[in-house]
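Beneath this line is the structure, given in C-alpha cells, with notes to follow.
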Amino acid sequence: MASLYLIRHGQASFGEPEYDRLSPKGHQQGLMLGKAWQTMAAPDLVFTGELCRHHQTYEAFNKAYRNTAHQEVTTHQLAALNEFDHIDILMQSEKQWRSYQDLVDYFSSLPDAKNNLKQVFDDAFTKWALADSTGNYQESWGVFKQRANTALQLLIEARTVEQQTILAFTSGGIIAAIVQQLLALSDQHCLTLMRQIRNTSVTKIVFSGERVSLDYFNNYQHLEQVGASWSTHR
Numbered sequence: 001m002a003s004l005y006l007i008r009h010g011q012a013s014f015g016e017p018e019y020d021r022l023s024p025k026g027h028q029q030g031l032m033l034g035k036a037w038q039t040m041a042a043p044d045l046v047f048t049g050e051l052c053r054h055h056q057t058y059e060a061f062n063k064a065y066r067n068t069a070h071q072e073v074t075t076h077q078l079a080a081l082n083e084f085d086h087i088d089i090l091m092q093s094e095k096q097w098r099s100y101q102d103l104v105d106y107f108s109s110l111p112d113a114k115n116n117l118k119q120v121f122d123d124a125f126t127k128w129a130l131a132d133s134t135g136n137y138q139e140s141w142g143v144f145k146q147r148a149n150t151a152l153q154l155l156i157e158a159r160t161v162e163q164q165t166i167l168a169f170t171s172g173g174i175i176a177a178i179v180q181q182l183l184a185l186s187d188q189h190c191l192t193l194m195r196q197i198r199n200t201s202v203t204k205i206v207f208s209g210e211r212v213s214l215d216y217f218n219n220y221q222h223l224e225q226v227g228a229s230w231s232t233h234r
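The opening position of the sequence shown corresponds to residue 1 in full-length UniProt numbering, with each subsequent residue numbered one higher.
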C-alpha cells in the first residue's frame, strides 16, 4: 500500500500583523521533523499548499532532512491544501473590524492579548462551522470540506505505481476535514480534532485501489522527545 503523510505547518505568527510566516519556534519545529524523518521512508512526491507557512515548514524540514545523503525531491504546489481564510472568518464575527490590522491593534491594547484573540477566533470559527455557514463568507464550511476532500483525491491520483510515499505540507483544518471524511465524523467531532492537531504533527493515510484508510493521526513524537513546550497548537 502507498502512504500519504499530511504534515501540519510549524507554529505561525498568531496575533502578529503578518500571521502567514513561521515563528522562530515554528522554524525549529520544521527542523526537528526533518531530522526525525531521516529514519523514515524517503518521499517520492512532496506537495505544499500555497501559503508561506507551508513552504517555510517544508524548507526547514528539507534543510535538516538533507543533512544525510537523501536526494532532494521536486515539490508541487496544490491550492486545495490551503487553509480556510481565518481573517475573513474573524471579519464576519460580531465585531466588524475594517481590517485585520484593526483587529490586531484592538487586541494588542488588552492584557493577555493572544489569549483574548484566541477566544474571539474560536467563537467566530464555531459560528462559521456550526451555526452560520450561509453567511457572507468567502468560503463556506461545506465548500471548505469539499475542497479538503478534493485535495485528498488529487494527492492520491498524482502518484505513479512506483511512487509509494507522498508528503503534503498543509494546515490543521484540511487535515481534520480529511480525517472527518475517512472516519465519517460529525462536524462537532471535526472541530474537536482540529483543536488537537499540533504544529508539524504527522497524520498518515494508506491507500491501495479504492481502499483509503487512516493509519494514525496527529503524531508529534519528534516534539515530545525534546520537551512539552515544543508541542504547540498555534
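The beta carbon of each residue, even a glycine, is placed where N, CA and C say it ideally should be. Just so you know, these numbers come straight off a predicted model, no measurement behind them.
Could you tell me if residue 235 is buried or exposed, where buried requires 16 or more neighbouring beta carbons within 10 angstroms of its beta carbon?
Nothing can be reported for residue 235, as the shown portion of the chain is limited to 1 through 234.
What does the Cβ neighbour count give for residue 194, buried or exposed, with the cut at 16 atoms within 10 Å? The residue labelled residue 194 in the question sits at position 194 within the sequence shown. Label assigned to residue 194: buried.
(Q) Looking only at its chain, what residues have a beta carbon closer than 6 Å to the beta carbon of residue 20, apart from the 5 residues adjacent to it on each side? (A) Within the sequence shown, residue 20 is the residue found at index 20, counting from 1. Excluding residues within five positions, the ones whose Cβ falls inside 6 Å are 51, 52, 53.
* **Residue closest to residue 89, alpha-carbon to alpha-carbon, out of 196, 27, 140** => Counting from 1 along the sequence shown, the entry for residue 89 is found at position 89. The option with the nearest alpha carbon to residue 89 is 140.
Discussion item. Please state the DSSP three-state secondary structure of residue 61.
Written reply: To locate residue 61, count along the sequence shown from 1; it is residue 61. Residue 61 falls in the helix class under three-state DSSP.
message = For residue 64 and residue 34, which I take to be in contact (beta-carbon distance under 8 Å), what is that distance rounded to the nearest angstrom?
response = The residue you call residue 64 lines up with position 64 of the sequence shown. The residue you call residue 34 lines up with position 34 of the sequence shown. So it is a contact: roughly 3 Å between Cβ atoms.
Q) Between residue 154 and chain C, is there a C-beta pair that is closer than 8 Å? A) In the structure shown, chain C does not exist; there is a single protein chain.
Exercise. Skipping 5 residues on each side, what residues in its chain have a beta carbon closer than 6 Å to that of residue 37?
Worked result: The residue labelled residue 37 in the question sits at position 37 within the sequence shown. Once the five neighbours on either side are set aside, the close Cβ partners of residue 37 are 65.
**Asked** Does DSSP put residue 136 in a helix, in a strand, or in coil?
**Response** By 1-based counting over the sequence shown, the position of residue 136 is 136. Three-state DSSP puts residue 136 in coil, outside helix and strand.
| Mapping DSSP to helix, strand and coil, what is residue 110? | Indexing the sequence shown from 1 puts residue 110 at position 110. In the structure shown, residue 110 sits in coil (DSSP, three-state: anything other than H, G, I, E or B).
*asked:* Rounding to the nearest angstrom, what Cα-Cα distance links residue 1 and residue 178 in this structure?
replied: Along the sequence shown, read from residue 1 onward, the residue named residue 1 stands at position 1. Along the sequence shown, read from residue 1 onward, the residue named residue 178 stands at position 178. Whole-angstrom Cα-Cα distance: 19 Å.
_According to DSSP, is residue 169 part of a helix, a strand, or is it coil?_
Working through the sequence shown from its first residue, we reach residue 169 at position 169. It is a strand residue.
| query | Going along the chain, which residues of its own chain have a beta-carbon closer than 6 Å to the beta-carbon of residue 49, five neighbours each way excluded? | reply | Working through the sequence shown from its first residue, we reach residue 49 at position 49. Excluding sequence neighbours, residue 49 sits near 81, 82, 170.
So residue 2 is in the beta strand (DSSP E); what residue range does that whole segment cover? Residue 2 sits at position 2 when you count from the first residue of the sequence shown. That run of the beta strand (DSSP E) goes 2 to 8.
TODO: Could you check what DSSP says for residue 12 in three-state terms: helix, strand or coil?
DONE: One-based indexing of the sequence shown puts residue 12 at position 12. In the structure shown, residue 12 sits in a strand (DSSP, three-state: E or B).
Task: Close-in-space but distant-in-sequence residues of the same chain around residue 61 (CB under 6 Å, 5 per side omitted) - done: Position 61 of the sequence shown, counting from 1, holds the residue named residue 61. So the list reads 30, 33, 34, once near-sequence residues are dropped.
### Query
So what's residue 185 in DSSP terms, helix, strand or just coil?
Within the sequence shown, residue 185 is the residue found at index 185, counting from 1. Here residue 185 sits in coil by DSSP.
Roughly how far, in whole angstroms, is the beta-carbon of residue 205 from the beta-carbon of residue 22, given that I think they are within contact range, below 8 Å? As a working mapping, residue 205 is identified with position 205 in the sequence shown. As a working mapping, residue 22 is identified with position 22 in the sequence shown. About 25 Å separates the two Cβ atoms, so there is no contact after all.
Please give me, in chain order, every unbroken run of the beta strand (DSSP E) with length at least 3 that falls completely inside the region 183 to 222. 202 to 208, 211 to 219
### Task
May I ask which residues mark the beginning and end of the alpha helix (DSSP H) holding residue 47?
The count along the sequence shown starts at 1 and reaches residue 47 at position 47. That residue, residue 47, is in no alpha helix (DSSP H); its beta strand (DSSP E) goes 45 to 48.
Going straight from the alpha carbon of residue 221 to that of residue 56, what length do you get?
The residue given as residue 221 occupies position 221 in the sequence shown. The residue given as residue 56 occupies position 56 in the sequence shown. Looking at the two C-alpha atoms, the distance is approximately 21 Å.
- Assuming residue 151 and residue 223 form a contact by the criterion Cβ under 8 Å, report the distance between their Cβ atoms to the nearest whole angstrom. Start at 1 with the first residue of the sequence shown, and residue 151 comes out as number 151. Start at 1 with the first residue of the sequence shown, and residue 223 comes out as number 223. Residue 151 to residue 223, Cβ: 25 Å. No contact.
Assign residue 201 to buried or exposed, taking buried as 16 or more other Cβ atoms, counted over all protein chains shown, within 10 Å of its Cβ. As a working mapping, residue 201 is identified with position 201 in the sequence shown. So residue 201 ends up on the buried side.
- Query: Roughly how many angstroms lie between the CA atoms of residue 212 and residue 39, to the nearest whole one?
  - Reply: By 1-based counting over the sequence shown, the position of residue 212 is 212. By 1-based counting over the sequence shown, the position of residue 39 is 39. The alpha-carbon atoms of residue 212 and residue 39 are separated by roughly 25 Å.
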